[in-house]
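Taking numbering that gives the first Met the number 0, the leading residue of the sequence shown gets 0, the next gets one more, and so forth.
Just below is one structure, and these are the notes that go with it.
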Amino acid sequence: MAFSDSSKGELQLTEAQAEAVQKALRYWRHSNLVPASLVGDLLATVRIVEEKHGFDWDKFAKYTSRLSVVCLAIAIASLVFGRAIPNIIKRILALPAAVRVAITSALAATVHVWAYDRSLTTPQQLYLNEAIHSLGALLFGLAALQVTIALQADKRENLHTLHNIELSLALVYGVSAVLVQSNFIWSCGMVVLGIWFGSWSAYASGTYYIGMRYPLRFVLFGASIIIVSSFMRDHTITFILWSTTRIWGMLYLFVALWMLSLFGNDGVRGDNYGGLGRMAFWSVAFLCAASTAIWHGLRYGDSTMKGFGLTFLGINLYTKFFEFCWSTWYKSVFFTALALSLALMGRYAESMNAALYERYPSLAT
Numbered sequence: 000m001a002f003s004d005s006s007k008g009e010l011q012l013t014e015a016q017a018e019a020v021q022k023a024l025r026y027w028r029h030s031n032l033v034p035a036s037l038v039g040d041l042l043a044t045v046r047i048v049e050e051k052h053g054f055d056w057d058k059f060a061k062y063t064s065r066l067s068v069v070c071l072a073i074a075i076a077s078l079v080f081g082r083a084i085p086n087i088i089k090r091i092l093a094l095p096a097a098v099r100v101a102i103t104s105a106l107a108a109t110v111h112v113w114a115y116d117r118s119l120t121t122p123q124q125l126y127l128n129e130a131i132h133s134l135g136a137l138l139f140g141l142a143a144l145q146v147t148i149a150l151q152a153d154k155r156e157n158l159h160t161l162h163n164i165e166l167s168l169a170l171v172y173g174v175s176a177v178l179v180q181s182n183f184i185w186s187c188g189m190v191v192l193g194i195w196f197g198s199w200s201a202y203a204s205g206t207y208y209i210g211m212r213y214p215l216r217f218v219l220f221g222a223s224i225i226i227v228s229s230f231m232r233d234h235t236i237t238f239i240l241w242s243t244t245r246i247w248g249m250l251y252l253f254v255a256l257w258m259l260s261l262f263g264n265d266g267v268r269g270d271n272y273g274g275l276g277r278m279a280f281w282s283v284a285f286l287c288a289a290s291t292a293i294w295h296g297l298r299y300g301d302s303t304m305k306g307f308g309l310t311f312l313g314i315n316l317y318t319k320f321f322e323f324c325w326s327t328w329y330k331s332v333f334f335t336a337l338a339l340s341l342a343l344m345g346r347y348a349e350s351m352n353a354a355l356y357e358r359y360p361s362l363a364t
C-alpha cells in the first residue's frame with residue numbers, strides 16, 4: 000500500500016486490499032456513518048496496482064537453510080551406511096539400547112536448547128535457527144529408530160508398539176514445532192502422523208478398514224486435517240502453522256482422490272472388472288473437489304487453494320486422457336493431440352498474462 004506523488008493523493012492498493020477498502024466504504028455509506036459525497040471522493044482515490052516482485056531473498060534464505068539440513072541428513076546417512084568407519088559403528092551398536100536412546104535423546108535436547116539460545120541472542124538469523132531445530136528433530140527421529148530396534152517393534156507381533164512409537168514421534172514433532180514455531184518440523188510431524196494413521200488403520204482391521212481401503216481413509220484423513228487447520232488459524236500459538244497444516248491436508252486429500260479415480264475403493268482391478276461405474280464416481284468426485292478448490296481460490300484470493308485445484312484438475316484430465324487413449328490411439332495421433340492441448344494451454348496462459356499486463360501497467364515497469 001502506497002500513496003502516489005500526485006496532488007490528488009491516490010491510494011495505491013493491490014486488488015485484494017482495494018476490494019476490502021471499497022467494501023468498508025460502501026458499508027459506511029449504506030449505514031449513514033459517512034456522507035455519500037465523502038465516500039465517493041475516497042473511492043475515487045483508490046488505484047489498483049500489482050505488487051512489484053524482485054528477487055525474494057527471504058525465501059532464498061529459508062530454502063537454503065532447509066536444504067542444508069537435508070544435505071546434513073544425507074551426510075549422516077552416508078556416514079552410517081558407508082564403510083569408512085565400520086568399527087566405530089559396531090562399537091556404538093554394541094552399546095545397550097537404553098544407552099543409545101539416552102545419547103541420541105540428550106543430543107536432540109541439547110541441539111534444541113542451543114537453537115533456542117540462538118533465537119534469543121541472534122533472532123535475525125531466523126532460518127539458520129530453524130535449521131538447527133530441524134537437526135534436533137532429526138536426532139529425535141534417530142532416537143525413535145533406536146527404540147524401535149531395541150523393542151523389535153518392526154516384527155509383526157509387536158506392530159502395536161511400532162504404532163505407539165510413531166504416534167509419540169509425531170507428538171514430539173508437533174510440540175517442538177509449536178514451541179519453536181517451525182513449519183519444517185511441523186511438516187515432519189505431519190508425515191509421521193500420516194504414516195501412523197496408515198499403519199494403525201491397517202493393523203486395526205487389515206487392508207479393508209470399515210469398508211474403506213487406503214485411499215478412501217486418507218480422503219477422510221486429509222479432510223479432517225483441513226478442518227483442524229481452520230481452527231488453528233484462530234489461535235496465536237498455532238497461527239503460523241495453519242497454512243502448512245492445510246497444505247498437508249489438501250495433499251493427502253487430493254492424492255487419495257486421484258488414487259480412487261484410478262482404482263476405486265475395491266482395490267486394483269482389471270478393466271473388465273465391472274466396477275467402472277464406481278471408478279467414474281470417484282473421478283467425478285475428484286473433479287468436483289478440484290473445481291471447488293479453484294472456485295474458493297478465485298473467490299477469496301487464495302492462491303494456495305487455487306494452485307492445488309488447478310494442478311490436480313490437470314492431473315485428473317491428463318490421467319484420463321492416458322487411461323482411455325494410450326492403448327487405443329496410434330501413438331503419433333496420441334502425442335499430436337497431447338502437443339496440441341499443451342500448446343493451447345500455453346497460448347491461453349500467454350493471453351492471460353497479456354491481459355494481466357494490460358490491467359496492471361505497473362508490471363511492465
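Cβ atoms here follow ideal geometry from the backbone N, Cα and C, with glycine treated the same way.
What residue range is occupied by the uninterrupted beta strand (DSSP E) comprising residue 11? Residue 11 sits at position 12 when you count from the first residue of the sequence shown. Note, residue 11: beta strand (DSSP E), 10-12.
Taking the CB atoms as reference points, tell me whether residue 311 and residue 257 lie closer together than 8 Å. Numbered from 1 along the sequence shown, position 312 holds the residue referred to as residue 311. Numbered from 1 along the sequence shown, position 258 holds the residue referred to as residue 257. Yes, Cβ-Cβ distance for residue 311 and residue 257 is below 8 Å.
Could you work out which residue in 222, 198, 125, 111 is closest to residue 171 when comparing CA atoms only? What you label residue 171 is simply residue 172 of the sequence shown in a count that begins at 1. Here the closest residue by C-alpha is 111.
What are the start and end residues of the beta strand (DSSP E) that includes residue 232? Counting from one through the sequence shown, the residue named residue 232 turns up at place 233. Here residue 232 belongs to no beta strand (DSSP E), and DSSP marks it neither H nor E.
Comparing alpha-carbon positions, which option in 250, 39, 215 lies nearest residue 190? In the sequence shown, residue 190 corresponds to position 191, counting from 1. That would be 250, whose Cα lies nearest to the Cα of residue 190.
With DSSP as the reference, label residue 25 as helix, strand or coil. To locate residue 25, count along the sequence shown from 1; it is residue 26. Helix.
Reduced DSSP category for residue 283 - H, G, I as helix; E, B as strand; rest coil: Numbered from its first residue, the sequence shown carries residue 283 at position 284. Helix at residue 283.
Flag this pair as yes or no: are the beta carbons of residue 282 and residue 319 separated by less than 8 Å? Residue 282 sits at position 283 when you count from the first residue of the sequence shown. Residue 319 sits at position 320 when you count from the first residue of the sequence shown. In contact: residue 282 and residue 319 (Cβ atoms closer than 8 Å).
Quick check on the DSSP output: what are the complete alpha helix (DSSP H) runs of length 4 or more inside the stretch 91-122, in order along the chain? 96-120
I need the DSSP call for residue 212, collapsed to helix, strand or coil. On the sequence shown, residue 212 is found 213 positions in, with the first residue counted as 1. DSSP places residue 212 in coil when its eight states are reduced to three.
Leaving aside the five residues before and after residue 264 along the sequence, list all residues of the same chain whose C-beta is less than 6 Å from its C-beta, in chain order. What you label residue 264 is simply residue 265 of the sequence shown in a count that begins at 1. The answer, listed in chain order, is 212, 215.
Check whether the Cβ atoms of residue 134 and residue 185 sit closer than 8 Å, and answer yes or no. To locate residue 134, count along the sequence shown from 1; it is residue 135. To locate residue 185, count along the sequence shown from 1; it is residue 186. Result no, Cβ atoms of residue 134 and residue 185 do not sit closer than 8 Å.
How about residue 21 and residue 46: do their beta carbons lie closer than 8 Å? In the sequence shown, residue 21 corresponds to position 22, counting from 1. In the sequence shown, residue 46 corresponds to position 47, counting from 1. It is not a contact, given that the beta carbons lie outside the stated cut-off.
DSSP state of residue 33, grouped into three classes? Sequence index remark: in the sequence shown, residue 33 carries index 34 (1-based). Reduced to three states, the DSSP call for residue 33 is coil.
For the stretch 292-299 against the stretch 224-241, do three or more pairs of beta-carbon atoms, one drawn from each stretch, fall closer than 8 Å, so that the two count as touching? no
Is the separation between the beta-carbon of residue 117 and that of residue 123 shorter than 8 Å? Taking the sequence shown and counting its residues from 1, the one referred to as residue 117 is at position 118. Taking the sequence shown and counting its residues from 1, the one referred to as residue 123 is at position 124. No, the Cβ-Cβ distance between residue 117 and residue 123 is not below 8 Å.
Which listed residue (309, 132, 303, 279) has its alpha carbon closest to that of residue 108: In the sequence shown, counting from the first residue as 1, residue 108 sits at position 109. Comparing Cα positions, the closest option is 132.
Could you check which residue in 129, 144, 327, 233 has the C-alpha nearest to that of residue 69? Working through the sequence shown from its first residue, we reach residue 69 at position 70. The candidate whose alpha carbon is nearest that of residue 69 is 129.
Roughly how many whole angstroms lie between the Cα atoms of residue 100 and residue 313? As a first step, residue 100 must be located in the sequence shown, where it is residue number 101. As a first step, residue 313 must be located in the sequence shown, where it is residue number 314. Their backbone Cα atoms lie some 46 Å apart in a straight line.
If you drop the 5 nearest sequence neighbours on each side, which residues of the same chain put their C-beta closer than 7 Å to that of residue 146? The sequence position of residue 146 within the sequence shown is 147, counting from 1. Cβ neighbours of residue 146 beyond the five flanking positions: 100, 164.
What residue range is occupied by the uninterrupted beta strand (DSSP E) comprising residue 47? Indexing the sequence shown from 1 puts residue 47 at position 48. Counting along the chain, the beta strand (DSSP E) containing residue 47 begins and ends at 45-47.
Can you check which of these residues, 309, 243, 219, is closest to residue 228 by C-alpha distance? Along the sequence shown, one-based indexing puts residue 228 at 229. It is 243 whose Cα lies nearest to the Cα of residue 228.
Relative to the alpha-carbon of residue 260, which residue among 98, 218, 139 has its alpha-carbon at the smallest distance? Here residue 260 corresponds to residue number 261 of the sequence shown, with the count starting at 1. When each option's Cα is compared against that of residue 260, the closest is 218.
Starting from residue 139, trace the alpha helix (DSSP H) in both directions and tell me its first and last residue. The residue you call residue 139 lines up with position 140 of the sequence shown. Start and end: 125-149.
What number of angstroms, rounded off, separates the C-alpha of residue 299 from the C-alpha of residue 308? Counted from its first residue, the sequence shown places residue 299 at position 300. Counted from its first residue, the sequence shown places residue 308 at position 309. Those two C-alpha atoms are separated by around 14 Å.
What residue range does the alpha helix (DSSP H) around residue 248 cover? As a working mapping, residue 248 is identified with position 249 in the sequence shown. 241-262 is the extent of the alpha helix (DSSP H) around residue 248.
Alpha helix (DSSP H) segment containing residue 173, residue limits: Residue numbering aside, residue 173 sits at position 174 when the sequence shown is read from its first letter. For residue 173, the uninterrupted alpha helix (DSSP H) run begins and ends at 158-179, by DSSP.
Given that a residue counts as buried once 16 or more other Cβ atoms are within 10 Å of its Cβ, and exposed if not, what is residue 103? Counted from its first residue, the sequence shown places residue 103 at position 104. Label assigned to residue 103: buried.
With a cut-off of 8 Å on the beta carbons, I'd call residue 162 and residue 195 a contact; round off their distance for me. Counting from one through the sequence shown, the residue named residue 162 turns up at place 163. Counting from one through the sequence shown, the residue named residue 195 turns up at place 196. The pair is a contact, with the Cβ atoms about 6 Å apart (cut-off 8 Å).
For a test of the three-state rule: what should DSSP assign to residue 39, helix, strand or coil? Indexing the sequence shown from 1 puts residue 39 at position 40. Looking at residue 39 - three-state DSSP - the assignment turns out to be helix.
Cutting at 8 Å between CB atoms, please list the residues of its own chain near residue 302, excluding the five before and the five after it. Residue numbering aside, residue 302 sits at position 303 when the sequence shown is read from its first letter. Within the same chain, and ignoring the five residues on either side of residue 302 in sequence, the residues whose Cβ sits closer than 8 Å to its Cβ are 296.
Beta-carbon proximity check, residue 221 vs residue 176, cutoff 8 Å: In the sequence shown, the residue the question calls residue 221 occupies position 222. In the sequence shown, the residue the question calls residue 176 occupies position 177. No; because the gap between Cβ atoms is not below 8 Å, this pair is not in contact.
Residue 126: which of 63, 234, 332 sits nearest, CA to CA? Your numbering for residue 126 matches position 127 in the sequence shown. Ranking the options by Cα distance to residue 126, first place goes to 63.
Within the same chain, show all residues whose beta-carbon is closer than 7 Å to that of residue 106, passing over the 5 residues directly before and after it, in chain order. Along the sequence shown, one-based indexing puts residue 106 at 107. If we look at residue 106 and ignore the five residues flanking it on each side, its Cβ neighbours are 138.
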